[in-house]
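Shown next, in structure tokens, is the structure this report addresses.
Residue numbers (this note's numbering): 520 to 634.
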């Protein structure tokens, strides 16, 4: 390797990227979530859930997490139709799939003059 160059490991985990971005090696919410998982599942299982702004980074992560709790319906609203399509593809391509009985991705702009 020439002098002054750096070798980059291309296999980087999500945990390593998270630690780099937050400068923390520990997830601050992981213990709380693990401790409360059963109670959260009890409250969300079989319920109808609406996520507004669900195709953005935080909304998509929230939608993916909520889908694991077995809701009867999960409706996701966002103004960005392309991001909604990407979210649906991502959720359906997961090993566990998308096991929500009534899943809808709705492209709506609630601030539009047409509304």
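We put the beta carbon where it would ideally sit given N, CA and C, even for glycine.
Taking residue 531 as the centre and dropping the five residues before and after it, the same chain places no C-beta closer than 6 Å to its C-beta. Only exposed fits residue 614, as fewer than 16 other CB atoms lie within 10 angstroms of its CB. For residue 584, the three-state secondary structure derived from DSSP is helix. The DSSP-derived three-state label of residue 535 is helix. Residue 596 is bridged by DSSP to 571 and 625. Assignment of residue 546 by DSSP, reduced to helix, strand and coil, places it in the coil class.
Contact check between the segment 537-550 and the segment 568-576: fewer than three CB pairs, one atom from each, fall below 8 Å, which does not count as touching.
For the pair residue 591 and residue 559, the Cα-to-Cα distance works out to about 15 Å.
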